[in-house]
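Every position in the sequence shown, counted from 1, becomes a number in the numbering used here once 772 is added. Each residue gets a CB set at the ideal place from its N, CA and C atoms; glycine is no exception. Since this is a predicted model, take the numbers as computed values, not measurements.
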Amino acid sequence: MKKILLILFLTSCSSENIVYRPTSQILPQHIKSISVLPFSNKSSIFSIEEKLTLKIIDEFIKNGEYKVVSSDNADGILTGEIKNYIMVPIQYDSNLVPMVYKITIYYSLKMIDRKNNAVLWEENNLVANQIYSAPTLVGGMTEEQAREKLWDIMSKDIVKRTVEGFGSVTGVSSKKI
Numbered sequence: 773m774k775k776i777l778l779i780l781f782l783t784s785c786s787s788e789n790i791v792y793r794p795t796s797q798i799l800p801q802h803i804k805s806i807s808v809l810p811f812s813n814k815s816s817i818f819s820i821e822e823k824l825t826l827k828i829i830d831e832f833i834k835n836g837e838y839k840v841v842s843s844d845n846a847d848g849i850l851t852g853e854i855k856n857y858i859m860v861p862i863q864y865d866s867n868l869v870p871m872v873y874k875i876t877i878y879y880s881l882k883m884i885d886r887k888n889n890a891v892l893w894e895e896n897n898l899v900a901n902q903i904y905s906a907p908t909l910v911g912g913m914t915e916e917q918a919r920e921k922l923w924d925i926m927s928k929d930i931v932k933r934t935v936e937g938f939g940s941v942t943g944v945s946s947k948k949i
């Protein structure tokens with residue numbers, strides 16, 4: 773009898789409709805407008821934070837969920853930091869000339885409730901990657917073009933994290949093994 777109950781229980785749990793969904797951690801109701809402060813840049817690449825900040829503002833405007841205003845008038849403030857920028861060749865031709873590159877950006881985000889002066893959420897270890905072919909190849913692109921694609925990906929992830937809540941974007945663990 774116990775085996776039958778166990779089998780029935782396991783069978784019912786294997787249904788496609790049964791999925792664990794944690795409660796979404798979205799912004800409080802009183803936050804109707806946000807301000808995106810300029811990101812800080814700890815990488816060795818000059819002024820990449822400016823383009824990312826502008827892309828994030830554009831993405832928030834496109835999304836329309838929250839009004840983008842100055843920090844003096846905002847209910848919530850989004851800040852961020854580009855921690856590291858790594859560009860490495862990952863594929864070579866027979867003459868050891870790089871053909872494919874990978875850009876990896878490590879960054880962090882923080883959303884602050886201006887009214888209560890409290891941190892609503894903080895993501896310290898977010899990662900964005902872009903793999904691209906050398907500009908000399910068909911369909912290839914320059915590093916700047918690859919960065920533009922990366923800004924698109926990152927800005928959409930940041931807006932998604934803000935609007936849809938925790939767990940909608942992925943990061944890496946800061947624990948050392």
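In this chain, the alpha helix (DSSP H) harbouring ILE828 covers 820-835. For THR914, there is no enclosing beta strand (DSSP E), as DSSP marks it with neither H nor E.
According to the DSSP assignment, PRO810 belongs to no beta strand (DSSP E), since it is labelled neither H nor E. For ASP929, the closest C-alpha among the options ILE803, PHE818, PHE781, ASP830 is that of ASP830. In this model, ILE925 and ALA900 are separated by some 8 angstroms (Cα to Cα). A residue is called buried once 16 or more other Cβ atoms fall within 10 Å of its Cβ, and ASP847 is buried on that count. CA-to-CA, the gap between LYS804 and THR851 works out to about 17 angstroms.
At least 7 angstroms separates the beta-carbon of LYS882 from that of GLN902. Judged by DSSP secondary structure, THR851 falls within the beta strand (DSSP E) whose first and last residues are 848-864.
ILE828 has its alpha-carbon roughly 8 angstroms from the corresponding atom of VAL808. DSSP places LYS882 within a strand segment (E or B) once states are collapsed to three. Looking at PRO907, LYS834, SER880, VAL841, the one whose alpha-carbon comes closest to that of VAL872 is PRO907. Looking from the CA of TYR864, the closest CA among LEU777, TYR904, ARG933 belongs to TYR904. Counting along the chain, the unbroken beta strand (DSSP E) around ASN901 starts and ends at 890-905.
The DSSP-derived three-state label of LYS932 is helix. By the neighbour-count criterion, in which a residue is buried when 16 or more other Cβ atoms sit within 10 angstroms of its Cβ, PHE811 is buried.
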